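Undergrad: End of the sequence shown sits at 1280 in the working numbering; the numbers just go up one at a time, nothing left out. I am attaching a structure below and will ask some questions about it afterwards.
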Amino acid sequence: MTDVILDIEAKVKALLKDMTIEEKIAQLGSIPGRNLLEDGKFSQEKAKNLLKNGIGQITRVSSGTSDITSHKQAASIANEIQRFLKEETRLGIPAIIHEECLSGFMAYGATTFPQAIGLASTWNPNLIERVTAIIRRQMRAVGVHQGLSPVLDVVRDPRWGRNEETFGEDPYLVASMGVAYVKGLQGSNLREGIIATPKHFAAHGFSEGGRNRAPVHVPPREFREVYLFPFEAAVKEANAWSIMNAYHDIDGVPCAASRWLLTEILRGEWGFRGYVVSDYSAIRMLYTFHHVAADEKEAAVQALEAGIDIELPQIDCYGEPLLEAVREEKISMAVIDEAVSRILRAKFLLGLFENPYVDVRDASLLFDTSEDRRLALEVARESMVLLKNNGVLPLRKDIRAIAVVGPNADDARNLHGDYSFTAHLRCDEPAVPTVTVLTGIKNKVSKETFIYYARGCGVSDGSKDGFKEALEAAEKSDVVIAVVGERSGLSNDDVSGEHRDRADIRLPGVQEELIEMLCETGKPVVVVLVNGRPLSLRRIVDRCSAILEAWLPGEEGGNAVADVLFGDYNPGGKLPVSFPQHVGQIPVNYGRRRSSFGDYVFSSSRPLFRFGHGLSYTIFEYSSLSIFPEKIGPAGSVEISFDVKNVGDKKGDEVVQLYIQDEVASVTRPAMELKGFKRVTLEPGEKKRVTFRLSVDQLAFYDQHMRFVVEPGRFKVMIGSSSEDIRLSGHFEVIGDTKVTPSTRTFFSEVKVK
């Protein structure tokens, strides 16, 4: 241990010794910031009642109510809360203030980047780290210390409404993006950083029927190799300081009450030293939802003994019920002390005891600057995935006339994803200036170009009243741009996001009929998708001329879409999820076992668009594969090199992807597994050589005895532009005896480009 850590441990021990049981338990709870306000201002009277013994955390000062509409106001309230705790409580222990930050700080006026599924489509971890560094700066400016992100759920069911919050279907990609997210958010020093909270621990994205909070049925081998992998990487590679449990149960045991998951694996096997927070009301749900506890007291004991240190967002169980359990000796004081110690340790690491305050004067200057918006545009551009193009794109800027139709064409609110301030707090207007697709197109075309706009229909209602206007616009134009998809949020009008699970994953409402009508005009129809999940597009895919997946692109989404449509930016994004042809095919993720690819009586089991797919306006050529050495021991590594060349006439980005197949193993293995990737920018005619260094322990899996091993044998190397478009292949062989892999495993391949 360093001297700093030893000093903190001594301080924690001394403070813990001086605390009453009431003060200790107060550190395990959280109070919503809005509960401390009166008419939008901090209330001393409410604080005296709610904070008399101190508090562990404060829930969402900036986003807990729509009354907070200025950064100065949020920063001032945060300071007043901390001042009360420092000066009006016996021990003067500051609070950790937490907020949401999935696609940006969930606060009024904060920069809104593309939703997480769009971030994943960039396949650019370095870019994600830059994004979360901006989020860190904005959160710190108003006194926030913890962000409840990233979502590291590996998702393989498009019916689940929270697809949009994830980094996709592959554990390697999810882990890569998640580690970058955590590093950018926490920074190099927690005194200037934001504690990241990987969630939902674990396997929340594989729920029964794609229904939120439903049970998860996953075998132990797959659970560890797929669903735990991103979390283990976040803990070991990025030193994540907090973890949030998931709502569901696994084999009858709710994650919130699973000591095996929260203590034995997380702390015992992985060495996690941070603290675990409950998902909102997850502890209370042990008795109201799962019915494994009789009341709040039993729920508190189960959760705390399992390993949940703090109850969010408010005190239901970790208050009087827990205090009563202590008095009745139903829980050990040692368990209480250990949890409190973790909270105090984090507060010392954050520097809160020295200075919990922020400079109110600077708060507004650090939000959504011109540099922030440029980054939002850069990320949105890189997130665009061109799914189909029969040559109609890119469009000419001097085109005579364009029809822009669809429910998402001129709706700024619909460009924002769930857990953005705009969508989550159900704002009628965006909480940050947002460029619609229609506005982006107007910004791009010549002054002589006619633009005919018609909404056509709503996202999910059944009205066709706008069809006639849309048809008239199409008939007057040379090309039709149909901006369709979903709307994200928590209301009944929303079809994507938390609790917005769908049994049918086609375009909702009458949007398919709108597109079919437009295609019948004979005009080229370019479909722009604004959505949060993979959609079944088989009814329209063959009829339209091009399809651009924009996801939920955030505040600069309209400009980014227009840049791609008119060729100012060459799309290079790749799908982080597979698109099924039909909901009945689920799951269609690429990494299934070889026995899983049989067809149906009347249809194929192949997805419509496969993981890693994404087209470009240029052409990339792969050549000169080299694998060295071709035989390697179980403790070594192998270098896989190849050339990639832009043989087209436009600058472009290509995401080169490394897949591995274990040809023979003691248990069945996936048909292919992603083991490396790199986004490479190439000028026309330019060639670069890419080298992946693959550690042999990246080939490890859990054998029949649940040992994590590398077995000798032959491995197939596949280099591709997607999981389907494999350009180069070769082999290497692992020789020697079976090796049990140590806990200090290698998570990611090293990659060099020259």
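By construction, the Cβ of each residue, glycine as well, lies at the ideal position given by its N, Cα and C atoms. These numbers come from a predicted model, not from an experiment.
What are the boundary residues of the beta strand (DSSP E) that includes V583?
TA: Locating residue 583 in the sequence shown gives position 57, where the first residue counts as 1. This sequence places Gln at residue 583; Val is not what is there. Looking at the DSSP string, the run of the beta strand (DSSP E) that includes Q583 is Q583 to T585.
Undergrad: Applying the criterion that 16 or more other CB atoms from any shown protein chain within 10 Å of the CB defines a buried residue, is A621 buried or exposed?
TA: Here residue 621 refers to the residue found at position 95 when the sequence shown is read from its first residue. The residue is buried, with at least 16 neighbouring Cβ atoms inside 10 Å.
Undergrad: Could you tell me how far apart the beta carbons of E822 and C843 are, in whole angstroms, since I believe they sit closer than 8 Å?
TA: The residue you call residue 822 lines up with position 296 of the sequence shown. The residue you call residue 843 lines up with position 317 of the sequence shown. So it is a contact: roughly 4 Å between Cβ atoms.
Undergrad: Who does M1244 pair with in a DSSP beta bridge?
TA: Taking the sequence shown and counting its residues from 1, the one referred to as residue 1244 is at position 718. Its beta-bridge partners are Y1185 and S1255.
Undergrad: Can you check which of these residues, G559, D533, K578 and E571, is closest to T546 by C-alpha distance?
TA: Mapped onto the sequence shown, residue 546 falls at position 20. Closest option to T546, Cα to Cα, is K578.
Undergrad: For F1274, which residues from the same chain have a beta carbon less than 7 Å from its beta carbon, with the 5 sequence-adjacent residues on both sides left out?
TA: Your numbering for residue 1274 matches position 748 in the sequence shown. Cβ within range, chain order: S702.
Undergrad: Write down the C-beta distance between L678 and G704 rounded to the nearest angstrom, noting that I regard them as a contact closer than 8 Å.
TA: If you number the sequence shown from 1, residue 678 lands on position 152. If you number the sequence shown from 1, residue 704 lands on position 178. Their Cβ separation, rounded to whole angstroms, is 5 Å, which keeps L678 and G704 in contact under 8 Å.
Undergrad: Per DSSP, what kind of secondary structure is H730 in: helix, strand or coil?
TA: Your numbering for residue 730 matches position 204 in the sequence shown. It is helical.
Undergrad: Considering Cα atoms alone, identify which of E995, D696 and K1002 is closest to S1104.
TA: Here residue 1104 refers to the residue found at position 578 of the sequence shown. When only C-alpha atoms are compared, the closest one is D696.
Undergrad: Pull up the distance between the alpha-carbon of L913 and that of T638, whole angstroms please.
TA: As a working note, residue 913 is residue 387 in the sequence shown. As a working note, residue 638 is residue 112 in the sequence shown. L913 and T638: Cα-Cα distance of roughly 24 Å.
Undergrad: Work out the CA separation of V1182 and R785 for me, nearest whole Å.
TA: Counted from its first residue, the sequence shown places residue 785 at position 259. Counted from its first residue, the sequence shown places residue 1182 at position 656. Answer to the nearest angstrom: the Cα atoms are 40 Å apart.
Undergrad: Can you say whether F1154 is buried or exposed, counting buried as having 16 or more other CB atoms within 10 angstroms of its CB?
TA: As a first step, residue 1154 must be located in the sequence shown, where it is residue number 628. Its Cβ having fewer than 16 others within 10 Å, F1154 is exposed.
Undergrad: Among R685, N652 and N689, which residue has its Cα nearest to the Cα of Q641?
TA: The residue given as residue 641 occupies position 115 in the sequence shown. It is N689 whose Cα lies nearest to the Cα of Q641.
Undergrad: Report the three-state DSSP secondary structure of V538 (helix, strand or coil).
TA: Translated into positions along the sequence shown, residue 538 becomes position 12. V538: helix per DSSP, three-state reduction.
Undergrad: Buried or exposed: F1168, going by 16 or more other Cβ atoms within 10 Å of its Cβ?
TA: Residue mapping note: residue 1168 aligns to position 642 of the sequence shown, counting from 1. The residue in question, F1168, is buried, as its Cβ has 16 or more Cβ neighbours within 10 Å.
Undergrad: Return the first residue and the last residue of the beta strand (DSSP E) that K1201 is part of.
TA: Numbered from 1 along the sequence shown, position 675 holds the residue referred to as residue 1201. That run of the beta strand (DSSP E) goes E1199 to L1208.
Undergrad: Roughly how many whole angstroms lie between the Cα atoms of V657 and G710?
TA: Walking along the sequence shown from the start, residue 657 turns up at place 131. Walking along the sequence shown from the start, residue 710 turns up at place 184. Distance between the alpha carbons of V657 and G710: 7 Å.
Undergrad: Between G984 and I607, what straight-line distance do the alpha-carbon atoms span, to the nearest angstrom?
TA: Counting from 1 along the sequence shown, the entry for residue 984 is found at position 458. Counting from 1 along the sequence shown, the entry for residue 607 is found at position 81. Taking the straight line joining both Cα atoms gives about 44 Å.
Undergrad: For K1265, I'd like the list of residues in its chain whose CB is within less than 6 Å of its CB, leaving aside the five on either flank, ordered along the chain.
TA: Your numbering for residue 1265 matches position 739 in the sequence shown. Contacts found: P1160 and V1236.
Undergrad: A829 lies in the alpha helix (DSSP H); which residues open and close that run?
TA: Looking up residue 829 in the sequence shown gives position 303. E822 to A832 is the span of the alpha helix (DSSP H), which, as asked, contains A829.
Undergrad: Relative to the C-alpha of L997, which candidate in Q664, K1177, G932 and E850 has its C-alpha closest?
TA: Here residue 997 corresponds to residue number 471 of the sequence shown, with the count starting at 1. With distances taken between Cα atoms, L997 lies closest to G932.
Undergrad: Thinking just about the alpha-carbon of each residue, which of E854, N765, L787 and M770 is nearest to the one in F1297?
TA: Any question about residue 1297 goes unanswered here, given that the chain covers just 527 to 1280.
Undergrad: Cutting at 7 Å between CB atoms, please list the residues of its own chain near V1243, excluding the five before and the five after it.
TA: Stepping through the sequence shown from its first residue, residue 1243 is reached at position 717. The answer, listed in chain order, is I1153, I1166, I1186, S1255, G1256, H1257 and F1258.
Undergrad: Confirm, please, whether the CB-CB distance from G1011 to N915 is below 7 Å.
TA: The count along the sequence shown starts at 1 and reaches residue 915 at position 389. The count along the sequence shown starts at 1 and reaches residue 1011 at position 485. No, they are not a contact pair.
Undergrad: Let me check understanding here. Comparing Cα to Cα, which of K1280, F1218, I534 and L1225 lies closest to F874?
TA: Here residue 874 refers to the residue found at position 348 of the sequence shown. Comparing Cα positions, the closest option is I534.
Undergrad: Helix, strand or coil: how does DSSP classify I1261 here?
TA: Looking up residue 1261 in the sequence shown gives position 735. In this structure, I1261 counts as coil in the three-state DSSP scheme.
Undergrad: I'd like the span of the alpha helix (DSSP H) that includes V1087, first residue to last.
TA: As a working mapping, residue 1087 is identified with position 561 in the sequence shown. First-last of the alpha helix (DSSP H) with V1087: G1083 to L1091.
Undergrad: With C-beta atoms as the reference, is L716 less than 7 Å away from S675?
TA: As a working note, residue 716 is residue 190 in the sequence shown. As a working note, residue 675 is residue 149 in the sequence shown. Their beta carbons are not under 7 Å apart, which means L716 does not touch S675 by this criterion.
Undergrad: Mark Y753 as exposed unless 16 or more other C-beta atoms lie within 10 angstroms of its C-beta, in which case mark it buried.
TA: Translated into positions along the sequence shown, residue 753 becomes position 227. Label assigned to Y753: buried.
Undergrad: Could you give the distance in angstroms between the alpha-carbon of I1074 and the alpha-carbon of P1102?
TA: Stepping through the sequence shown from its first residue, residue 1074 is reached at position 548. Stepping through the sequence shown from its first residue, residue 1102 is reached at position 576. One detail in the question is off: residue 1074 reads as Leu in this sequence, not Ile. Cα-Cα distance, rounded: 15 Å.
Undergrad: Counting only runs of 4+ residues fully inside the segment 645 to 675, write out the alpha helix (DSSP H) ranges in chain order.
TA: 651 to 667
Undergrad: Quickly, what does DSSP pair V802 with across the bridge? List them, please.
TA: Locating residue 802 in the sequence shown gives position 276, where the first residue counts as 1. According to the DSSP secondary-structure assignment, V802 is paired through a beta bridge with I769.
Undergrad: Label A1029 either buried or exposed according to how many other C-beta atoms from any shown protein chain fall within 10 Å of its C-beta, with 16 as the threshold for buried.
TA: Taking the sequence shown and counting its residues from 1, the one referred to as residue 1029 is at position 503. Burial check for A1029: the Cβ neighbour count within 10 Å stays below 16, so the residue is exposed.
Undergrad: Just list the residues that DSSP pairs A633 with in beta bridges.
TA: In the sequence shown, counting from the first residue as 1, residue 633 sits at position 107. DSSP lists no partner for A633.
Undergrad: Are at least three pairs of beta-carbons, each pair with one atom in the segment 1030 to 1044 and one in the segment 1052 to 1064, less than 8 Å apart?
TA: By the criterion of at least three beta-carbon pairs nearer than 8 Å, the segment 1030 to 1044 is in contact with the segment 1052 to 1064.
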